[in-house]
Amino acid sequence: MNKPSQPTLVLGIDTGGTYTDGVLLDYGSRRVLASHKSLTTKRDFAIGIEAVIDGIHIDDPSAIRMVSISTTLATNAIAEGKGKRVALFLIGYDPDLIASFKLEARFVTPLYFYFQGGHDLYGREQAELDLPAILGRVRELRDRVDAIAVSSYFSPLNPEHENRAYESIASVSDLPVVLGHKLSTRLGSVERATTAALNASLLAVLQDFILAVRRAMERRHIEAPLMVVRGDGTLMSDEFAARSPVETIHSGPAASAIGGRFLSRLDRMLVLDVGGTTTDIALIEDGQVTVSEEGATVSGYKTAVSAAHMLSIALGGDSHITYTREKRVAIGPERVMPLARLAAEYPAVGKQLQALRRRQWAQATPDWLEYWFLLREPSNESAIDTPQEKALVALLREGPRPLPEVVDHLQLLHAGQIGARELVRQEIVGKAGFTPTDLMHVEGKYALWNVAASEAALEVFSHYQFQEPDVVRRRIWAQINEMIVHAVLTFLSDKDFELPFGHRSPAAGEAADRSVEPRDRDIARWFFFNSLYQTHPHLETRFRLKVPVVGIGAPAQIMLARAAADLGTDLVLPEFHQVANAVGAIAGSVMVTEELLIYPRLDSAGLEVMAYYVQASDQRQEFEALAEAMAYARALSEERALGAAVRSGADNPQVTLTVTGDGLDTYRVRAKAIGNPRLAR
Amino acid sequence: MELVQVGTERTYDAIRLKIVTLELAPGALINEQILAAELAMPLAPVREALKLLVHDNLVEVTSRHGLYVTDVNIPDLDQLSETRLTLEALSARLAALRASGDDRVVLTSLSQELAETPPDDNRRLLELDHRFHQAVAKAAHNKYLAEALERFFGLSQRLWYLALPRLGFLPSSVEEHLKLVEAIDRQDPARAAQLMHDHVAEFYANVRTVLNDQP
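Top to bottom, those sequences are chains D and U.
Just add 613 to the spot in the first sequence (first one is 1) and you have my numbering.
Just add 15 to the spot in the second sequence (first one is 1) and you have my numbering.
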């Protein structure tokens, strides 16, 4: 044990949508000793991470005993189609069946191919494996793809064809090969194929990332194990992550939830992480993040990977506040730089905003509150082709410009024609605008930057609708509150009704599938607004959330206080909640699960059970009686889970075994080994 | 390499290629830092990879604690060739006796690919030749033999690159590979061993001529 005088230093890093946060933590006392925030660099996450590692003051880097990181890298790569080129080999799948249910879109890649082979639901070979065809396809695709994913029908019951395909492909090519049964023992063949294809497309992306983090650590002389957060908040070694990048999906929100628990020391809570771009909701029950029963869904792809049950809405401190075409206030989904901050960096912007204040109300349209500016010079590899893109970069090189001036300068009619999506995506051109952060500046609750600029912006925004700034400010906060309460209800009830304003978050779309009937929407809406504003003279309704809300992120206090009150619960803001996401990256346990399947071997007529198989990913054993098979499976899964957990960096892992029936005399034996991370030295 | 460190495999492949293609010349001093920077890799996997290359006889540690690319000389060549000749012939013999259906599909696929590759695509031919020998060794189903052959292969590849400017790729060897696959397919161990022996012997004879001619 460590003496109290010797802190156990660990470094946690969280790469969010807007900011990359890092904390230096004393693991024993749970005290944050130092923290740093830098902008997330989506074009190359490693840049932002290096900036964070460089920015944290560390007296003795050699004293750091573990580094752990949560990242939206995988989620982002999938959303932006930045994964590598993948060929998906489907063995024993029925092309007609896939076509009739239009499932091809779920295969992630247009390069999917069917081959003869596969097994049936008793693990029997349904057709011979067509290996010559597979190798012929590999030869043909060699220079056109970066990785190959293989999924064979019922491979969790019998992975023989996947394994044989792997051996042969690896003999003739250098391409990385991903096997479906290694990622999931669930039987759903389409989800398994999706998962394998996504994993293959992310392999190189995550490996590059891990190597970049390792280089950054080396430069700072940090010699410690590197862990990566999974989508369910548990940790895995960097090597494991490099092989299973698909498991990092949703690791950011999961880390926030873990951090909330670690700092609050509560066992039941609703964690709300208010970031710059999004607000993420997760639930902690019995000290654990609740995990989604179905696999994680990312960018509409349903996977077989387990991840935290969470909801993310596009509402954060830096959400863009605008008017819709119907002149309603809209908050988000776009994230922009707050005007207070832009004006602090460019004094000219502050002066322009003051001048705007003096214009006639109707002339000072909210468009003038949107600024475009140059984030960085385009590098050689960033392809900017069109004359318009070049003209835009040249214009912004002189300084930030309000949107109407940009439109005018490029001789366009409206903003939609600027067409700078690629420049924005590459983080060459940035946008600034009116945000909740500006409101906080006006109120003096959070005033890091130029308060006068925020005041001017609020005034212009309000006067455009001929209203007083105070009224508009209160209306915006009420609307933000409605969005948060609504998100909590959707998350907990799995039901959704549209708010009369704003946008739908992609995650909410999922829930909308099981949405309320149209005739019920009226009462749902009435109940919702009556509970927030007590509009009915005789009938009072209220929400009462039975667990506290734990707020995470710098704006949590301001953005969540009212929501917690409206939900009838307490808002808990643990010390260091501002950086709880990064704390969560390091506070999780190391977990490894090993699943074995037991299923019967039938006689040739398929009627009588002759024996039971115990199927592991690399071996199959046969037993006469189910009891023997069960005993063997329990022992083997426990031994393997323990071994793998220790290899993944768990300290003294504990194993829990669960056995579930899958129907058809098939059983799933799952050993889950959990332990605290083993720290260096 | 059961539990490969992230990046070690990549780094190993990259440095190995530099050595066998003579980009890192025989006898050259190796600087870990520079190599790591060049490959944009952390230092740790570079060190791991260099250890593996020492095992492959492509890198040596000298008494002054410097790392060097191993040198090439004629006595070494003789010792290498007699070892490889015997082991490769054994490998082909065992492959003819033990190759599974899948092994044969792989060998056929590789020989087809070899036949389709343009004769001037040296790097590709080199890689395919390597895969072919690996596949034969795998079909022999003797892991010690396969490991031993793999250890010597890098040295042979480097000789090939050394002799290449005067040698060119031997077109006859595409033919030889096809015949060898046939012999393995027909389960003819004697013929498979003979063909492999002749194929490797011819290679070393050619290399020796080229190196002897060198000033």
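Each residue gets a CB set at the ideal place from its N, CA and C atoms; glycine is no exception.
The structure presented is a predicted model; accordingly, all values stated were derived computationally and were not measured.
Open item on the list: Please list, in chain order, the residues of the region 56–67 of chain U that have any C-beta partner in chain D closer than 9 Å.
Closed with: MET56, PRO57, LEU58, ALA59, PRO60
Task: Sub-8 Å separation of ILE199 of chain U and ALA104 of chain U beta-carbons - done: no
TODO: Could you tell me whether the Cβ atoms of ALA1066 of chain D and ALA953 of chain D are closer together than 8 Å?
DONE: yes
Open item on the list: By the DSSP assignment, the alpha helix (DSSP H) with HIS1022 of chain D in it spans what residues?
Closed with: 1016–1022
Open item on the list: In the DSSP output, what is LYS1044 of chain D paired with across the bridge?
Closed with: D:TRP985
Open item on the list: Rounding to the nearest angstrom, what Cα-Cα distance links THR633 of chain D and ALA783 of chain D in this structure?
Closed with: 38 Å
Open item on the list: On a Cα-Cα basis, can you pick out the residue from U:ILE49, U:GLY22, U:VAL84 that is closest to PRO41 of chain U?
Closed with: U:VAL84
- [ ] Output, in sequence order along the chain, the residues in the region 143–171 of chain U whose CB is closer than 8 Å to any CB in chain D.
- [x] ARG146, GLN149, ALA150, LYS153
- [ ] Buried or exposed for ARG1253 of chain D, please, with buried defined as at least 16 other CB atoms from any protein chain shown within 10 angstroms of its CB.
- [x] buried
- [ ] Identify the contact partners of GLU47 of chain U in chain D, using a Cβ-Cβ distance below 8 Å as the criterion.
- [x] Simply none; closest approach about 12 Å.
Task: Strand pairing of VAL1006 of chain D, partner residues [DSSP] - done: None, per the DSSP bridge assignment.
Task: Residues from the region 833–865 of chain D in contact with chain U, defined by Cβ distance under 7 Å - done: ASP851, GLU852, ALA855
Task: Unbroken stretches of the beta strand (DSSP E), 3 residues or longer, contained in the region 819–857 of chain D - done: 839–842, 848–850
Open item on the list: Pull the bridge partners of PHE702 of chain D from the DSSP assignment, please.
Closed with: D:PHE726, D:VAL763
Open item on the list: Is it buried or exposed, MET849 of chain D, if we count other Cβ atoms within 10 angstroms and call 16 or more buried?
Closed with: buried
- [ ] Assign SER768 of chain D to one of two classes, buried (16 or more other C-beta atoms within 10 Å of its C-beta) or exposed (fewer than that).
- [x] buried
Open item on the list: What does the Cβ neighbour count give for LEU966 of chain D, buried or exposed, with the cut at 16 atoms within 10 Å?
Closed with: buried
Task: Whole-Å CB distance - THR36 of chain U paired with TYR176 of chain U, under 8 Å assumed - done: 5 Å
Open item on the list: Can you check which of these residues, U:HIS70, U:THR224, U:ASN46, U:ASN137, is closest to HIS80 of chain U by C-alpha distance?
Closed with: U:ASN46
Task: Cβ-based burial, ILE49 of chain U [other Cβ within 10 Å; buried from 16] - done: exposed
TODO: Look at the Cβ atom of LEU1145 of chain D, then the Cβ atom of ASP1179 of chain D, and state whether they are nearer than 8 Å.
DONE: yes
- [ ] Verify the CB distance criterion: does SER124 of chain U have a CB-CB separation below 8 Å to chain D?
- [x] yes
TODO: For the region 1229–1258 of chain D, enumerate the residues whose C-beta is nearer than 7 Å to any C-beta of chain U, in chain order.
DONE: none
- [ ] Below 6 Å CB to CB, which residues in the same chain sit around ALA825 of chain D once its five sequence neighbours on both sides are set aside?
- [x] ALA659
TODO: Under 8 Å between beta-carbons, which chain D residues line up against GLU128 of chain U? List them in chain order, please.
DONE: ARG752, VAL785
Task: GLN976 of chain D at chain U interface by Cβ criterion, 8 Å - done: no
- [ ] May I ask you to report which of helix, strand or coil DSSP gives THR1269 of chain D?
- [x] strand
- [ ] Would you give the residue range spanned by the alpha helix (DSSP H) that GLN1092 of chain D belongs to?
- [x] 1082–1106
Task: Three-state secondary structure assigned by DSSP to HIS1116 of chain D - done: With a pLDDT of 43 at HIS1116 of chain D, under the threshold of 50, the predicted position of this residue should be treated as unreliable, though the coordinate-derived value follows. Three-state result, HIS1116 of chain D: coil.
- [ ] Out of D:LEU724, D:GLU773, D:ARG757, state which residue places its alpha-carbon closest to the alpha-carbon of ALA740 of chain D.
- [x] D:GLU773
- [ ] Determine which residues of the region 101–119 of chain U have a Cβ less than 9 Å from any Cβ of chain D, and write them out in chain order.
- [x] GLY116, ASP117, ASP118
- [ ] Classify TRP974 of chain D as buried or exposed, calling it buried when 16 or more other Cβ atoms lie within 10 Å of its own Cβ.
- [x] exposed
TODO: Could you name each continuous alpha helix (DSSP H) segment of 4 residues or more that falls completely within the region 895–977 of chain D, going from the start of the chain to the end?
DONE: 952–958, 960–970
Open item on the list: Excluding the 5 residues flanking LEU988 of chain D on each side, which residues of the same chain have their C-beta closer than 8 Å to its C-beta?
Closed with: GLU1040, ILE1041, VAL1042, GLY1043
- [ ] Identify, in the order they occur along the chain, each residue of the same chain with its Cβ nearer than 8 Å to the Cβ of HIS1116 of chain D, setting aside the five sequence neighbours on each side.
- [x] Confidence at HIS1116 of chain D is low in this model, with a pLDDT of 43, below 50, so its placement is unreliable and the value that follows should be read with caution. For HIS1116 of chain D, where only same-chain residues beyond five positions count, the Cβ hits under 8 Å are ALA927, ALA943, GLY945, PRO946.
TODO: Given a cut-off of 8 Å, decide if TYR984 of chain D and ARG941 of chain D are closer than it, judged by their beta-carbon atoms.
DONE: no
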